[in-house]
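Asks: One structure coming up, written as structure tokens, with questions to follow.
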Amino acid sequence: MSEATSSATLPETKGAPPEVKSTRLRTAILYPILAVFTALVIGAILILVTDKAVVNAWLNFFDDPMGTLRLTAQTVGKAYGAMFEGSLNIGGIIRGIGAALRGEGTRQLAIALVPISESLTQAVPYIFAGLAVAFAFQGGLFNIGGEGQMLVGALCSVYIGFKLTGLPWFVHLPLAMMAGMAGGAIWAGIVGALKAYTGAHEVINSIMMNWIAIILSSWLLKVGGPMARPDVPVTPPVLPTAWIPRLFDTPGNRFHAGFFLALFAVWLVWWLLYKSTLGFQIRMVGANAKAARYSGVNVKRLWIIIMAISGSLAGTAGMVQTLAVDRWVGVGFSAGMGFDAIALALLGRNHPVGVLLAALLFGTLKNGATRMQSVAQIPVDIITIVIALVIVFIAAPEIIRALYRLPKTSAEEGPVFTKGWGS
Amino acid sequence: MAVTTAPATTSLGAYAARRERRKTIAYGIFFLLVALAIALLFVRNSAPGMESTFKLNPTTKEKVITLNDLILPTQAALIVLAGIISVIGLYQLVKGFKRVVIVLGVVALLFVFAFLIWAVRGKSINLLGILTFTVAAATPIAFGAMSGVMCERSGVVNIAIEGMMLTGAMVAVVFASISGSLWLGLVGAVISAGLLGVFLAILAIHFRVDQIIAGTAINIFALGITSFISQRFLQPTPALNSGGVFAKIAIPGLSQIPIIGPVFFNQSIIIYILFATVIAIHFMLFYTRWGLRTRAVGEHPRAADTLGVNVFKIRYLNVIIGGMIAGVGGAYFTIGSVGRFDEAITAGKGFIGLAAMIFGRWTPLGAYGASLIFGFSDALQARLQVLGKTQVPIPSEWLLILPYLVTMIVLAGVVGKTVAPAADGKPYTKD
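Residue numbers (the working numbering), protein chains in the order written: chain A, 203 to 625; chain B, -6 to 424.
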């Protein structure tokens, strides 16, 4: 059985010859980095061509060539500089450490740490959502329904969170968490079951379930709706007994224990996929469902399990965001995160650790973009565009190869996926 | 050999017949349950003296043949409808209809009618208004569905319809605002969405990227770029975001027909473009050489290639045209109805279009029919909200879920069978 694990489509490199190993490493590390870099460059170009001053300068380039170039560099520098300052604030942290070492107290450092903590906080739902998509991909299923599953997860956990009163936290919090996970699992499990028993394609049904969730939520959360407050279209606040605790008391620092839960989930998914029998079967179904069936795997049962686990991960993304950060749910909760998760899975090559790194990057970008908007008046949507481009470059590595004149090697495989509605 | 296989075939035949019989009975019971539901939910909740009034004349003062309002005694009408459905159910139980899917459609229609009669008990509603709104609401859905038909018949899955429409919606209003011409706005929408079609085609056909991933990337890209431009340009300069709206055009003669006239033939020019598109795609897909080739490429590209059909060319062409059609649908959101662009204005209509395409079994006429049904649930939702909570004590949002639910039920094969083009979603490689 262990012979089969090192087949070409599975990212296990033990038995592979050294050259294959090195090209695999290149696909796994170099391509994602180049993809993100290229996407950011295109983002910069977009910022420049939509900036009146820069365009004017370029139209009169020969009047002042140096000035034009300087202005161009300044515009990009201001935007991306604000982004990295707003998301990492490395300079501030160094100054804070200096202040602390000089014995001026740690307050300056604590404030300087807020941006990077916020980046980690924003990465948490991305980690779970990315794991959800990557996990399903490994099992050969395309879970495009992360959006709906996150929403259902958030709604279930918030309901338990504000409805049950008088419980001690060690009962209330686990209940609320499990409600969120179960909600996502059921929402996706329906799709898995429909695929298993009727052959209906999971992508269409996931899309349909997304919209059902969105419409249901807009009914539940409208002013005076079944789950909303009487005056505003959001749910009542989650009771403190169901809060996932935040770990710092600096104002504005929302870093919470859910981050460690996310790291645990990364490990758990890795263990499940690569160290457990179930994971082996899942990857077998993902590599070749027919072959898996002939070797005695109950593919239909597995499809339901894969979707349910994937959905519970997506539901957790919504649950953690609700119980730790927002502590209530409003309309438009997930805001495209379920789709961004596809980019995460692709960027991370469907490997849990890869997804973790990709999610940290996205959390940083998303957090920095807010700062970029306030400093440089660049709409945060630039990040959405960057994410879309990242998907394109990862999914079509030929573009990156052509751009950077990289040689083509036989061992390179894109994400395995090419399936129609019917299969 | 013959001795052993003969009993096997008969038992197989008997098995099939039993299954057929079970299905027949299940439908019969379902019809009876529908009748029962009307009796329990609607008849019980209405008083004997009530009347339901359906107005059949347009609210605007136009010269059409005026019809008398349709006034029905609520309870009696409901009882009659329940009776008709029970007779259908009993016949189905005893003998069984040949084409039960059609009967199912009729029963569904009767149920909707019963629901309407009950919902307007003691009040009046303008049926013509609902139907006109239905056609309008169905328009973007139908353009999306036509875009899907074009692409998927040639074997390319297009879930980027939403993004194409969103882009078309914005470009339409910007072009129209700058040029002052709605037609240039429409052209801009077609070109921009067509370019996204080119992009999808290159990714899906040339680079053989998974088509769902490519479509998702385009959707995210379109959402990002339209929101970006909207915030950077449209919000600071509202003059860029006021392109006006195509006026309604009454087609002489046809618009005079009672009911059908005002509903179908007194609409925006974009809706007439839709009618032309639906008919053109139907005709071209099933009666021209191009259509035959498209279907061949969508079902079995290898065979088509062997016979000399250029698979790549057909697919490129269809996906780009599909993008352009989605662009017209996008333009409807802005210069066809409200005249201005808002972020994410398409609100999932592209995905309902996808659902309509599936419900319509990948045919243009079927997909338009499905779009009308989905548009009707939209129109009904808007009207029920107006009637108020005490009149119709079910959340009107539930009606909005129906298109998605119906699509899932259809896909599950409960009602008839839907089959996608065999090569749908599979990239083609020439060996």
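Here a beta-carbon is modelled for each residue, glycine too, at the ideal position from N, C-alpha and C. Because the structure is a prediction, the values reported are computed rather than measured.
Closest Cβ-Cβ distance between L5(B) and chain A: below 8 Å?
Replies: no
Asks: With 8 Å set as the bound, which would you pick, yes or no: does the beta-carbon of A402(A) sit closer than that to a beta-carbon of chain B?
Replies: yes
Asks: For W413(A), would you say it is in contact with chain B, using Cβ-to-Cβ distances shorter than 8 Å as the test?
Replies: yes
Asks: Considering only the beta carbon of each residue, do I123(B) and L373(B) sit closer than 8 Å?
Replies: yes
Asks: Which residue comes first and which comes last in the alpha helix (DSSP H) that contains Q276(A)?
Replies: P267 to S289
Asks: Answer with buried or exposed for N61(B), where buried requires no fewer than 16 other C-beta atoms within 10 angstroms of its C-beta.
Replies: Classification of N61(B): exposed, given that the 10 Å Cβ count is below 16.
Asks: Within the chosen definition, does the segment 444 to 462 of chain A reach the segment 522 to 529 of chain A through at least 3 CB pairs nearer than 8 Å?
Replies: yes
Asks: Using a Cβ cut-off of 8 Å (strictly closer), state whether P388(B) contacts chain A.
Replies: In terms of beta-carbon proximity, P388(B) lines the interface with chain A, with at least one pair separated by less than 8 Å.
Asks: Hey, is the segment 1 to 16 of chain B in contact with the segment 26 to 33 of chain B, meaning 3+ C-beta pairs nearer than 8 Å?
Replies: Contact fails: fewer than three Cβ-Cβ distances are below 8 Å.
Asks: Looking at C-beta atoms only, is the number of pairs between the segment 325 to 337 of chain B and the segment 233 to 244 of chain B that lie closer than 8 Å three or more?
Replies: yes
Asks: Along the segment 420 to 441 of chain A, what residues have a CB closer than 7 Å to any CB found in chain B?
Replies: S420 and W421
Asks: May I ask you to verify whether the segment 336 to 349 of chain A touches the segment 499 to 510 of chain A, counting CB pairs closer than 8 Å and requiring at least 3?
Replies: yes
Asks: Let me know the secondary structure DSSP gives L300(B) once reduced to three states.
Replies: coil
Asks: How far does the alpha helix (DSSP H) with N407(A) in it reach, from first residue to last?
Replies: E404 to L423
Asks: Would you identify the three-state DSSP class for N259(B), choosing helix, strand or coil?
Replies: strand
Asks: With DSSP collapsed to three states, give me the class of A40(B).
Replies: coil
Asks: Going by the beta-carbon positions, is the gap between L605(A) and T240(A) smaller than 8 Å?
Replies: yes
Asks: Is D371(B) buried or exposed, if buried means 16 or more other CB atoms sit within 10 Å of its CB?
Replies: buried
Asks: The segment 531 to 545 of chain A: which residues have C-beta closer than 9 Å to a C-beta of chain B, in chain order?
Replies: G538, F541, D542, I544 and A545
Asks: Specify the secondary structure class of T327(B) as computed by DSSP and reduced to three states.
Replies: In the structure shown, T327(B) adopts helical secondary structure according to DSSP, grouped into three states.
Asks: For the segment 407 to 417 of chain A and the segment 346 to 358 of chain A, state whether three or more C-beta atom pairs, one from each stretch, are separated by less than 8 Å.
Replies: yes
Asks: Just the Cα atoms here: how many angstroms apart are G343(B) and V257(A)?
Replies: G343(B) and V257(A): Cα-Cα distance of roughly 35 Å.
Asks: So, is the C-beta of L97(B) closer than 8 Å to a C-beta in chain A?
Replies: L97(B) has a beta carbon lying at 8 Å or more from every beta carbon in chain A.
Asks: Sorted by chain position, which residues of the same chain lie with C-beta nearer than 8 Å to F108(B)'s C-beta, five sequence neighbours on each side aside?
Replies: F35
Asks: Using a Cβ-Cβ distance cut-off of 8 Å, determine whether F200(B) contacts chain A.
Replies: The beta-carbon of F200(B) is placed less than 8 Å from the nearest beta-carbon of chain A.
Asks: Which residue wins for smallest C-alpha separation from H374(A), given the options A384(A), G298(A), I362(A) and A314(A)?
Replies: I362(A)
Asks: Would you call the CB atoms of G291(B) and R146(B) closer than 8 Å?
Replies: yes
Asks: So within the segment 493 to 527 of chain A, which uninterrupted alpha helix (DSSP H) runs reach at least 4 residues, ignoring any that extend past its ends?
Replies: 501 to 522
Asks: Does any residue of chain B bring its CB to less than 8 Å from the CB of I409(A)?
Replies: yes
Asks: When you compare the CB positions of T440(A) and F364(A), do they come within less than 8 Å of one another, or not?
Replies: Per the sequence shown, the amino acid found at residue 440(A) is Val instead of Thr. A contact, by the Cβ cut-off of 8 Å.
Asks: Compute the distance between the beta-carbons of C144(B) and V312(B), then report whether it is under 8 Å.
Replies: yes
Asks: Along the chain, where does the beta strand (DSSP E) containing K342(B) start, and where does it finish?
Replies: It is not in any beta strand (DSSP E) - K342(B) instead sits in the alpha helix (DSSP H) that spans K342 to F352.
Asks: In chain B, which residues lie less than 8 Å from E600(A) when you measure between Cβ atoms?
Replies: Simply F200.
Asks: For A162(B), which residues in chain A fall below 7 Å Cβ to Cβ?
Replies: Residues of chain A with a Cβ closer than 7 Å to the Cβ of A162(B) do not exist; the shortest Cβ-Cβ separation is about 16 Å.
Asks: For the alpha helix (DSSP H) containing S185(B), list its first residue and its last residue.
Replies: L175 to A194
Asks: Assuming contact is defined by CB atoms lying nearer than 8 Å, are A153(B) and I211(B) in contact in what I supplied?
Replies: Yes, they are a contact pair.
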